[in-house]
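S.K.: First, the structure itself, so that you have it in front of you.
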Amino acid sequence: MSFVLNTPDDVRVMLETIGVSSIDQLFLDIPVDMRLEKISGMQGSLTESQVFRHLDELASKNNEPPSFVGAGAYNHYIPAAVDHLASRSEFYTAYTPYQAEVSQGTLTAIFEFQTMICRLTGMDIANASMYDGATSLAEAVLMSSRTSRKNKIVVSETVHPHYRQVLNTYAWANDLNIIEVPTSGGVSDLSGIKQAITDEVSAVVVQNPAFFGCIEDVKSYAEAAHQHGAHLIVVVTEAMSLGLLKPPGELGADIVCGEGQSFGNPIGFGGPMLGLLAAGKKFMRSMPGRLIGKTVDHDGKEAYTMTLQTREQHIRRDRATSNICTNEGLCALRAAIYLSLVGTSLQKLARLNHTAASYLMKRLTDEGYARVFDMPFFNEFVIRLDNARDIVRRMEQEGFLMGLTLEQYYPDLKDCVLMAVTECTTKTDIDNLVTTLKNTV
Amino acid sequence: MSAIPDDLRYTKTHEWVRTDENDMNAECGITDHAQEMLTDIVFVELPDVDMTVNAGDQVAVVESVKAVSDVYAPVSGRIVEVNTELEDSPENVNNDPYGNGWIFKIEIKNAGEIEELMDAISYNEHVESGE
Amino acid sequence: MSTIFDKSKEGKNRYSIPEWGGEYYDPIPETMCRENVPMPDVGEVDVVRHYNGLSRMNFGVDTGMYPLGSCTMKHNPKINDRVAALYGFTDQHPLAGDELSQGSLEIMYELSNMLCQVTGMSAFSLMPAAGAHGELASVMIIRKYFEKKGEKRNVILIPDSAHGTNPASVMMCGFTVREVPSTSEGDVDVEELKKMVDGDVAAMMLTSPSTLGLFDRNVHVIADILHKAGALFYCDGANLNAVVGRASVSRMGFDIMHVNLHKTFSTPHGGGGPGSGPIGVVAELEPFLPVPVVEQIEEGYVLRSDRPHSIGRIHSFYGNFLVMVRAYTYMRMLGAEGLREVADNAVLNANYLRVKLKQYYNLPVDRICMHEFVINDEGMPNHVTTNDIAKRLLDYGYHAPTVYFPLIIPGAMMIEPTETEDKTALDEFIEAMIAIKKEAEESPRLVLDAPQTTPVKRVDAVTAARKPVLQWEE
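Sequences listed follow chains A, B and C, in order. Everything in the first sequence is counted per the working numbering, starting at 1 for the first residue and increasing by one. Everything in the second sequence is counted per the working numbering, starting at 442 for the first residue and increasing by one. Everything in the third sequence is counted per the working numbering, starting at 573 for the first residue and increasing by one.
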């Protein structure tokens, strides 16, 4: 299969025009010892139908049964109109909107996305997206450190383990000092965090809902951080929670970062994801990533454009707020379409997530399984099962991916499993899971 | 042809200086040539008042839509005043670079440094030579 | 261009949420809940018409030619999207476990292999979510390498012709940038380079082929200078489209590189992503790759994280998997021969345009180019600038070329046709460029006031920056 269009005649005429005898003559600048006659080791080419069959076979080797795993990637229903609209060529084959006059589609949609994220998080400014929740946390921390000129960061252990790993990588690269504070009862340890905050701390990082699904007392952390002149950064991995819970901005957060995949984007084996970054007005010139602003054109017509570009790498180079260039534009578009479709019903949808999760919790505790954290939670929670790893494996064979064992991340949480429920899980699904579990154990 | 007032002093990095009668304080900004090169200025990052600076230190930043330019202290001393009007009207630097487009005032530490700056003629040559 | 918020009307949203149909337990205290959700209040019809309308104000590769230098805006094969939409891929949870994810892991493993075969590198990581992310990961690997060696080196050399992400990535990893001047031909000034390489230099970053679309014939010499000083050599592979199947990146002397799946390997740009920026390394640097990596064992494929010298994790999961699926599909379809044909035609097309356009536009460096070349506005009459020409091209139904980059050529216009245009399309583009030149001479206002026929005219970027309005207000 080829997408090259030149006919042999085209090639002949073009070579003549250029004044060379063959295409080989165009590659003479490449020293002989670097040239390739061909790429060795690659398999032969395939036709479209052959490659489809091959990929179809590979897709069927992914054998995921009905799943109750969340932990930063959530299975929500994506309305058909999202796929339909986002697959319009003019959106997905478009370049970055540097030429505003031919990119009003992308620019308007991202402006809408920024608005929606501001409103859901309770912040003044949101950017056009980051790569994912983990890197948006890393960049949020860098932004805090850049503005405060301090390099100590206090991080609660209830932040997603992978996010903390990514943060540690970025912190090492930037000589930042990360102080991790262990959890307490499923949420952050307020006194432990208070002890760790000094005047040298740039930011305090908590996740809401926490990795275990529990709802945090964000306000108290905001107060603790502000007392020492530090920023409060709130991480959100399940964006659906923003439809129900109080916006972090209202509770004192200075920066909100996290994952927007739940809004209209498939899980896709973990990518592409949709990093969110939102903050108060004072961070405007320090914000990494693209910002779309409203303006007018030459005739006074309403128009949108990339703005404050002097923050970005293509102008500021080594003094840019970040190196980010390509982000997750199409995923942000999908989120905007999703949030337009679901709209004001988002709260009801979020509530349904929670209701389904609490029903599962009730059925499990009724059957005698231990609820590990006795706190309000959103759509994820932790349950204890004797020989959890074994049971989870056997449930897989019975046709259920029942949850994520936590021992690998939190050695104290032996035999604990993190389970997630979304609006895609019905009462019947839950009843079936519990019945199968009973029979398996 | 950019304007280069006779009564001011200039740096190689396109800042101008206006001293008061006693050579105690220096009012500073960027030259007409500099603002022309930058085009429409959208933001000025002002220095902190009371900051001590040495000649040649980067003290402020001027941003246009397509470029960012550092502004350097022409002389050593202490920043005593900054032009907060530029927060709402950065275009003053374009429209009146030597007047209400001034950026900061320094209490001069060493009057000798003023003499080392270029006069209008030398600065004109500097601009013509293409930096 | 009104927004979806402008179309809201209270009570229009009828999006149906299933009824729970059971009892309610354990409600969240109301004090923890928000009062309302200020999202648009519209129906599906409104959403469809709105975004449909927005799309029609956009220009994409499917609309017309995008001669954007260094972006490789080639055709995005539609089969890529069909396979990326298969449920086995879209609905797979990243934490489902190796056994249940063999399809995904096989794709990742084989894609890495193919990238090794194409570039000559020993190992690839697919984790970076974009080219800049790959650059940053590479700089992190460079830092880790010297840490392990016990050497403290603080400087990374970058040519003045480099893309902005290069110095920005260096800055994000605690190094300082030292700029290396270029010759008038856009090659690295080797004599100047020799003076700059000392024991404090950790690495040099070089785009190869260069950002002027030329192959730096001294690349071997540069590699030697760096390696003799114990430094590493990084390749910004954004321009790989010029040399796939024609040259081996590893034999150029590079130790580490990134590629862009959304450039060379046909995955769509999406209006700003998602992309994917895999990084390739020589064997010595393999232990430093980010984790987890995909390995092949007897039973199939597994993810491995127990790698003590790794820079660590740089993405919440494994990178942009659905983008990888597309690139994998593309590479399997083209095969070795198809990929070589890509470079051949990309370079042929660019040289054809260069030879034709140099009769009308100033060509600062006149020699055989690779997949792109640079012209500029020197000598244009009536104060017509590169920006004006770019805007007038929009009226002719083309996207503008890359403008004002690289910085070393004032008023640069970088043109990259890619291999998915034929001679007829190129001739039409040439006609348009000739027409614009003529307009610049005879009726300059047409160019100076362009664009005239696009959904909006030139925008007021100054007010947008002076008084930023970054979200919709009533």
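All C-beta atoms, glycine included, are put in the ideal place defined by N, C-alpha and C.
(1) Per DSSP, what kind of secondary structure is Thr-460/B in: helix, strand or coil?
(2) Please list the terminal residues of the continuous beta strand (DSSP E) segment that includes Lys-995/C.
(3) Between the stretch 1030 to 1042 of chain C and chain B, which residues of the former have CB atoms less than 7 Å from a CB of the latter, in chain order?
(4) Have a look at Thr-958/C and Asp-808/C and give me their C-alpha separation to the nearest angstrom.
(5) Do Val-727/C and Thr-748/C have their C-beta atoms within less than 8 Å of each other?
(6) Taking Lys-646/C and Thr-901/C to be in contact with their CB atoms under 8 Å, please state how far apart those CB atoms are, rounded to whole angstroms.
(7) Note down, in chain order, all residues in the stretch 515 to 541 of chain B with a beta-carbon under 7 Å from any beta-carbon belonging to chain F.
(8) With a threshold of 7 Å (Cβ to nearest heavy atom), would Glu-870/C be considered close to the ligand SAM?
(9) At a CB-CB cut-off below 8 Å, which residues of chain A make contact with Glu-504/B?
(10) According to a CB-to-CB cut-off of less than 8 Å, which residues of the stretch 796 to 828 of chain C neighbour chain A?
(11) Among the residues of its own chain, which have a CB less than 7 Å from the CB of Pro-446/B, if the five just before and after it don't count?
(12) Quick one: using the 10 Å Cβ neighbour count with 16 as the cut-off for buried, is Asn-463/B buried or exposed?
(13) Helix, strand or coil for Asp-511/B per DSSP?
(14) Between Arg-35/A and chain B, is the shortest Cβ-Cβ distance under 8 Å, so that the two count as touching?
(15) What's the C-alpha gap between Arg-904/C and Phe-3/A?
(16) Find the residues of chain C that neighbour Asp-481/B, judging by a C-beta separation of less than 7 Å, and give them in chain order.
(17) Below 8 Å between beta carbons: does that hold for Leu-640/C and Pro-973/C?
(18) Closer than 8 Å by beta-carbon distance: list the chain A residues that pair up with Val-509/B, in chain order.
(19) What beta strand (DSSP E) runs, 3 residues minimum, are completely inside the stretch 794 to 843 of chain C?
(20) Compile a chain-ordered list of the residues in the stretch 680 to 712 of chain C whose CB is closer than 7 Å to at least one CB of chain A.
(21) Less than 8 Å between the beta carbons of Leu-707/C and Ser-741/C, yes or no?
(22) Along the chain, where does the beta strand (DSSP E) containing Gln-261/A start, and where does it finish?
(23) Three Cβ pairs or more, each shorter than 8 Å: is that satisfied between the stretch 795 to 814 of chain C and the stretch 283 to 301 of chain A?
(24) Does Gly-229/A pass the burial test, meaning 16 or more other C-beta atoms within 10 Å, or should it be called exposed?
(25) Reducing DSSP to helix, strand and coil, say where Ala-668/C ends up.
(26) Apply the 10 Å Cβ neighbour rule to Lys-1029/C and answer buried if 16 or more other Cβ atoms are within range, or exposed otherwise.
(27) Note down the Cα distance separating Met-829/C from Phe-837/C, rounded to an integer number of angstroms.
(28) With distances taken Cα to Cα, identify the nearest neighbour of Ser-780/C among Glu-407/A, Ile-18/A, Asp-29/A, Thr-425/A.
(29) To which residues of the same chain is Leu-330/A closer than 6 Å at the C-beta, ignoring the five residues directly before and after it?
(30) Determine the DSSP secondary structure at Asn-62/A, reduced to helix, strand or coil.
(31) Taking the continuous alpha helix (DSSP H) assigned at Cys-469/B, which residues delimit it?
(32) Closest to Tyr-717/C by CA distance: which of Ser-697/C, Glu-678/C, Arg-621/C, Leu-804/C is it?
(33) Tell me, to the nearest whole angstrom, how far the beta carbon of Ile-947/C is from that of Leu-929/C; I am working on the premise that it is less than 8 Å.
(34) Can you find a CB in chain C that lies within less than 8 Å of the CB of His-354/A?
(35) Tell me which same chain residues have a C-beta within less than 7 Å of the C-beta of Thr-755/C, skipping the five on either side of it?
(36) Going by DSSP, name the residue or residues bridged to Phe-111/A.
M.R.: In this structure, then:
(1) If DSSP states are grouped into helix, strand and coil, Thr-460/B belongs with the strands.
(2) Here Lys-995/C belongs to no beta strand (DSSP E); instead the alpha helix (DSSP H) covers 995 to 1014.
(3) Flagged, chain order: Ala-1033, Val-1034, Ala-1037, Arg-1038.
(4) If you take the alpha carbons of Thr-958/C and Asp-808/C, they lie about 26 Å apart.
(5) Against a cut-off of 8 Å, the Cβ pair of Thr-748/C and Val-727/C comes out as a contact.
(6) Contact doesn't hold; Cβ gap of about 14 Å is too wide.
(7) Any reference to chain F falls outside this structure, whose protein chains are A, B and C.
(8) Absence of the ligand SAM is noted for the structure shown, with no ligands found whatsoever.
(9) The contacting residues are Thr-310.
(10) From the stretch 796 to 828 of chain C, only Val-815, Val-816, Gly-817, Arg-818, Ala-819, Ser-820, Arg-823, Met-824 have a Cβ closer than 8 Å to chain A.
(11) Hits under 7 Å: Tyr-539, Ala-561.
(12) Asn-463/B is exposed by the Cβ-count criterion.
(13) The answer is strand: DSSP assigns Asp-511/B an E or B state.
(14) So, not an interface residue.
(15) Rounded to the nearest angstrom, the two C-alpha atoms are 13 Å apart.
(16) Within 7 Å Cβ-Cβ: Val-1034.
(17) Contact: yes.
(18) Residues of chain A passing the Cβ test: Thr-310, Ile-315, Arg-316, Arg-319.
(19) Listed in chain order, the complete beta strand (DSSP E) runs (minimum 3 residues) inside the stretch 794 to 843 of chain C are 804 to 808, 828 to 830.
(20) For the stretch 680 to 712 of chain C, which is checked against every Cβ of chain A, the residues closer than 7 Å are Met-686, Gln-689, Val-690, Ala-701, Ala-702, Gly-703, Ala-704, His-705, Glu-707, Leu-708, Met-712.
(21) Correcting the residue type first, residue 707/C is Glu in the shown sequence and not Leu. Cβ atoms of Glu-707/C and Ser-741/C: closer than 8 Å.
(22) From DSSP, Gln-261/A is part of no beta strand (DSSP E); its letter is neither H nor E.
(23) For the pair of segments examined, the stretch 795 to 814 of chain C was found not to touch the stretch 283 to 301 of chain A: the number of CB pairs separated by less than 8 Å stays below three.
(24) Exposed: under 16 other Cβ atoms inside 10 Å.
(25) Secondary structure at Ala-668/C: coil, using DSSP grouped into helix, strand and coil.
(26) It counts as buried.
(27) For the pair Met-829/C and Phe-837/C, the Cα-to-Cα distance works out to about 15 Å.
(28) Checking every option, the nearest Cα to that of Ser-780/C belongs to Asp-29/A.
(29) Within its own chain, the residues whose Cβ lies closer than 6 Å to the Cβ of Leu-330/A, once the five positions on either side in sequence are excluded, are Tyr-92, listed in chain order.
(30) Three-state DSSP puts Asn-62/A in a strand.
(31) Per DSSP, Cys-469/B belongs to no alpha helix (DSSP H); it is in the beta strand (DSSP E), 466 to 471.
(32) Among Ser-697/C, Glu-678/C, Arg-621/C, Leu-804/C, the Cα nearest to that of Tyr-717/C is on Leu-804/C.
(33) Indeed, because the Cβ distance is near 6 Å, the residues count as touching under 8 Å.
(34) Judged by the 8 Å Cβ criterion, His-354/A is in contact with chain C.
(35) Once the five neighbours on either side are set aside, the close Cβ partners of Thr-755/C are Asp-761.
(36) DSSP lists no partner for Phe-111/A.
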